[in-house]
Ligand SMILES: [Cu+2]
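In the numbering used here, the protein residues as written are 166 to 316.
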């Protein structure tokens, strides 16, 4: 009886493993290495202001498009993905829900264009600022931004 139970358990485990395996491999293997983050930097906020912007470059070495959906950091209460657009001849910022990085391409967040908008900053900011970028496939990547002065 004991050995039968053991056998049954082994059978269940084997079956569940077989069912679990395709789900595991459906996400891209070693996905963490397929997005490369570089040149991450945070603009030193204007004295007395609790908001600023961050810039970085995202390189997608995978074949498929990846989508940045959220960014968080302990030193900022809220981080939004923003873009700039011209509206009636005026440059405006607008929040976007996600940022697509096509396969094999890079997307550059830089002053005057795409950027991460930082709110509720915990001042003063350190020189090195860890932040976490999360993607639509559930993957989150940590990076460290450096503080820079716009002047
Ligand atoms: Cu903005």
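Think of the CB as a built atom: it goes at the ideal place given N, C-alpha and C, for glycine as much as any other residue.
Quick caveat: nothing in here was measured; it's all calculated off a predicted structure.
Between which two residues does the beta strand (DSSP E) containing residue 252 stretch? 241–252
Helix, strand or coil: how does DSSP classify residue 280 here? Correct three-state label for residue 280: strand.
Can you grab the Cα-Cα spacing for the pair residue 188 / residue 236, in whole Å? Annotation note: pLDDT 44 at residue 188 (below 50); position unreliable, coordinate value reported separately. Going from the Cα of residue 188 to the Cα of residue 236 covers about 26 Å.
Boundaries (first-last residue) of the beta strand (DSSP E) holding residue 206: 200–208
Exposed or buried, residue 296, counting other C-beta atoms within 10 Å across all chains shown (16 or more means buried)? By the neighbour-count criterion, in which 16 or more other beta carbons inside 10 Å mark a residue as buried, residue 296 falls on the buried side.
How big is the Cα-Cα spacing for residue 311 and residue 206? 5 Å
With DSSP run on the structure shown, which of helix, strand or coil describes residue 286? strand
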